[in-house]
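A.B. asks: Pasting in a structure now, in structure tokens, and then I'll have a few things to ask.
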Amino acid sequence: MNKNKKPLHKQDLNFVFGKRNYTFMFIGLAVIALGFLLMAGGGSDDPNVFNEEIYNFRRIRLAPALVLIGFGIQVYAILVNPTKDK
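Take the sequence shown: its letter number 30 is residue 30 in UniProt numbering, and every next letter is one higher.
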């Protein structure tokens with residue numbers, strides 16, 4: 001067998017995204033998860049009793065804003081150039 005032969009199948013181990021991209025992706029996922037957690041709850045145990053807490057600032061304004069900001073971070077994480085030097 002010739003020692004100068006190259007292997008037939010060589011795997012390319014380069015990732016599409018860099019470490020910086022994945023860092024922003026995880027931050028974006030955490031912000032989205034926080035937004036959904038803030039939206040949860042606020043209902044009443046008794047269906048005959050109306051609870052005004054469902055319309056508070058946290059559930060109507062803050063949580064959806066956090067989810068949209070998280071999606072914006074995700075878009076930025078996809079578009080940022082991973083090979084750019086600091």
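All C-beta atoms in this analysis are idealised placements derived from N, C-alpha and C, irrespective of residue type, glycine included.
Please read these numbers as outputs of a predicted model, since none were measured by experiment.
Tell me, to the nearest whole angstrom, how far the beta carbon of I32 is from that of V67; I am working on the premise that it is less than 8 angstroms.
C.D. replies: In the sequence shown, the residue the question calls residue 32 occupies position 32. In the sequence shown, the residue the question calls residue 67 occupies position 67. The pair is a contact, with the Cβ atoms about 6 angstroms apart (cut-off 8 angstroms).
A.B. asks: Would you identify the three-state DSSP class for I63, choosing helix, strand or coil?
C.D. replies: Here residue 63 corresponds to residue number 63 of the sequence shown, with the count starting at 1. With the sequence shown as reference, residue 63 is identified as Ala, and Ile is not the correct amino acid for it. It is helical.
A.B. asks: Any chance the region 12–20 sits against the region 44–51, with 3 or more Cβ pairs inside 8 angstroms?
C.D. replies: No, they do not touch.
A.B. asks: Going by C-alpha to C-alpha distance, which of K19, M25 and G18 sits closest to Y76?
C.D. replies: For the purposes of this step, residue 76 is identified with residue 76 of the sequence shown, where counting begins at 1. Checking every option, the nearest Cα to that of Y76 belongs to M25.
A.B. asks: So, are the CB atoms of G18 and P82 less than 7 angstroms apart?
C.D. replies: Mapped onto the sequence shown, residue 18 falls at position 18. Mapped onto the sequence shown, residue 82 falls at position 82. In contact: G18 and P82 (Cβ atoms closer than 7 angstroms).
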